[in-house]
Amino acid sequence: MSYQLINDFSKQKLNSKKITFFVTALLAKDMSDLLKQIATDGHEVGCHYFYHDLMFKQSNLEINRNLELAKNAIFQATDIEPVVFRAPTFSIPRERRDIFSEVEKHFKLDSSYVLDLGKFTKEQYFQESPFTLEHLIEIPIVPKSFFSRKLKMKSGGTYFRFFSKKMIEEVMLYNVELGFAPLVYLHPYDYLQNREFWVSINDFIGARKLKYLIKYFRQIQWVGIGNRSVFPKLNYLLDNFEHQGPMSLLLDEQ
Numbered sequence: 077m078s079y080q081l082i083n084d085f086s087k088q089k090l091n092s093k094k095i096t097f098f099v100t101a102l103l104a105k106d107m108s109d110l111l112k113q114i115a116t117d118g119h120e121v122g123c124h125y126f127y128h129d130l131m132f133k134q135s136n137l138e139i140n141r142n143l144e145l146a147k148n149a150i151f152q153a154t155d156i157e158p159v160v161f162r163a164p165t166f167s168i169p170r171e172r173r174d175i176f177s178e179v180e181k182h183f184k185l186d187s188s189y190v191l192d193l194g195k196f197t198k199e200q201y202f203q204e205s206p207f208t209l210e211h212l213i214e215i216p217i218v219p220k221s222f223f224s225r226k227l228k229m230k231s232g233g234t235y236f237r238f239f240s241k242k243m244i245e246e247v248m249l250y251n252v253e254l255g256f257a258p259l260v261y262l263h264p265y266d267y268l269q270n271r272e273f274w275v276s277i278n279d280f281i282g283a284r285k286l287k288y289l290i291k292y293f294r295q296i297q298w299v300g301i302g303n304r305s306v307f308p309k310l311n312y313l314l315d316n317f318e319h320q321g322p323m324s325l326l327l328d329e330q
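Quick note, in my numbering, the sequence shown goes up one by one and the last residue is 330.
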């Protein structure tokens, strides 16, 4: 259902231009038919790692192995080798820039790096990895600060649901002004409206760990607030920004 909704949106509102779907290897293995359909419809299937792990907690050896396995799982499902990558929860911080060298071994384009332009200038970032890597193009996520820098807002995910269309537009214009590609990213649970991804409390209680029980209530953040605003906000943004297509098209501009 979530795929059909966004695929229909691409046909009706994006002039049938295609989208990049970042998926984990776990999804590629468990729902290979869905991935094959996505690829058959002409969309791009990008890699979102093997599991939805925090990459900065893993060694480079483990990361390299997981990237290799994930890339192969997606290829097995789609018959197309993925060329773009995004880390789960953008989990490649500045102090683990070494991870990008592992990503470079497997992919041509990455969109995992979140820039904090309040701490470092654009020029400082450009002097170090991943921007200095020879065989990897980085398309970063660049938040804009609001409320006296108390909020660093991205144009996607929970931010897209929680905050106004005008603020989202400001973030995207901020990226354009700085010479970055303005990106919108969404999860299926962001735009589904009937709590299709809701997990019952019994599943959390069965885990017998407090941190998992807390996540039961955090589901309200993920699947219960602002979902009905997503498509109207997308329609608003399309009045000022034209969707360009899958992210791999950015490789042609480099």
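Glycine residues also receive a C-beta, built at the ideal position from the N, C-alpha and C atoms. This one's a predicted model, so the numbers in the text were calculated from it and none came from an experiment.
Using only alpha-carbon positions, find the residue among the options that is nearest to residue i.
{"i": "Leu310", "options": "Pro216, Tyr127, Arg170, Arg237", "result": "Arg237"}
{"i": "Gly233", "options": "Pro164, Lys89, Asp117", "result": "Pro164"}
{"i": "Arg173", "options": "Ser205, Glu246, Ile215, Tyr235", "result": "Ser205"}
{"i": "Asn303", "options": "Thr197, Phe85, Phe239, Asp186", "result": "Phe239"}
{"i": "Phe324", "options": "Phe97, Lys226, Tyr79, Leu90", "result": "The sequence as given places Ser at residue 324; Phe does not occur at that position. Considering only alpha carbons, the answer is Phe97."}
{"i": "Asp155", "options": "His182, Val306, Ile114", "result": "Ile114"}
{"i": "Phe85", "options": "Asp106, Leu268, Leu249", "result": "Leu268"}
{"i": "Pro219", "options": "Glu253, Lys94, Ile150, Leu130", "result": "Glu253"}
{"i": "Glu246", "options": "Gln203, Asn316, Ser78", "result": "Asn316"}
{"i": "Phe307", "options": "Asp328, Leu327, Tyr201, Lys241", "result": "Lys241"}
{"i": "Ala153", "options": "Lys89, Leu90, Ala104, Leu326", "result": "Ala104"}
{"i": "Phe207", "options": "Arg170, Gln88, Lys195, Gly194", "result": "Arg170"}
{"i": "Glu329", "options": "Gln134, Gly255, Gly194, Lys89", "result": "Gly255"}
Helix, strand or coil for residue i, going by three-state DSSP, please let me know.
{"i": "Met243", "result": "helix"}
{"i": "Leu259", "result": "coil"}
{"i": "Met229", "result": "strand"}
{"i": "Glu344", "result": "No answer is possible for residue 344: the residues shown for the chain start at 77 and end at 330."}
{"i": "Asp129", "result": "coil"}
{"i": "Thr96", "result": "strand"}
{"i": "Glu318", "result": "coil"}
{"i": "Phe176", "result": "helix"}
{"i": "Asp109", "result": "helix"}
{"i": "Leu137", "result": "helix"}
{"i": "Ser86", "result": "helix"}
{"i": "Lys198", "result": "helix"}
{"i": "Val159", "result": "coil"}
{"i": "Asp192", "result": "coil"}
{"i": "Phe222", "result": "strand"}
{"i": "Ile301", "result": "coil"}
{"i": "Glu171", "result": "helix"}
{"i": "Leu268", "result": "coil"}
{"i": "Glu204", "result": "coil"}
{"i": "Glu56", "result": "Since the first residue of the chain shown is 77 and the last is 330, residue 56 is not available in this structure."}
{"i": "Ile150", "result": "helix"}
How many whole angstroms separate the CB atoms of residue i and residue j, which I take to be in contact at a CB cut-off of 8 Å?
{"i": "Glu180", "j": "Leu209", "result": "5 Å"}
{"i": "Pro158", "j": "Leu191", "result": "With a Cβ gap of about 24 Å, Pro158 and Leu191 do not count as contacting."}
{"i": "Ser231", "j": "Ile244", "result": "5 Å"}
Measuring only from the beta carbon, is residue i closer than 6 Å to any heavy atom that is part of the ligand SAM?
{"i": "His182", "result": "The ligand content of the structure shown is nil, which means the ligand SAM is not present either."}
Apply the 10 Å Cβ neighbour rule to residue i and answer buried if 16 or more other Cβ atoms are within range, or exposed otherwise.
{"i": "Ile301", "result": "exposed"}
{"i": "Thr116", "result": "exposed"}
{"i": "Asn251", "result": "buried"}
{"i": "Thr100", "result": "buried"}
{"i": "Ser305", "result": "buried"}
{"i": "Asp266", "result": "buried"}
{"i": "Leu313", "result": "buried"}
{"i": "Phe161", "result": "buried"}
Are the beta-carbon atoms belonging to residue i and residue j less than 7 Å from one another?
{"i": "Asn140", "j": "Glu178", "result": "yes"}
{"i": "Pro258", "j": "Glu120", "result": "no"}
{"i": "Leu185", "j": "Ile168", "result": "no"}
{"i": "Leu110", "j": "Tyr127", "result": "no"}
{"i": "His182", "j": "Leu143", "result": "yes"}
{"i": "Pro319", "j": "Lys112", "result": "Checking the sequence shown, residue 319 turns out to be His, not Pro. Result no, Cβ atoms of His319 and Lys112 do not sit closer than 7 Å."}
{"i": "Phe166", "j": "Ser188", "result": "yes"}
{"i": "Ile75", "j": "Met131", "result": "Outside the modelled stretch of the chain, which goes from 77 to 330, sits residue 75, for which no answer is possible."}
{"i": "Ile82", "j": "Cys123", "result": "no"}
{"i": "Ser78", "j": "Pro264", "result": "yes"}
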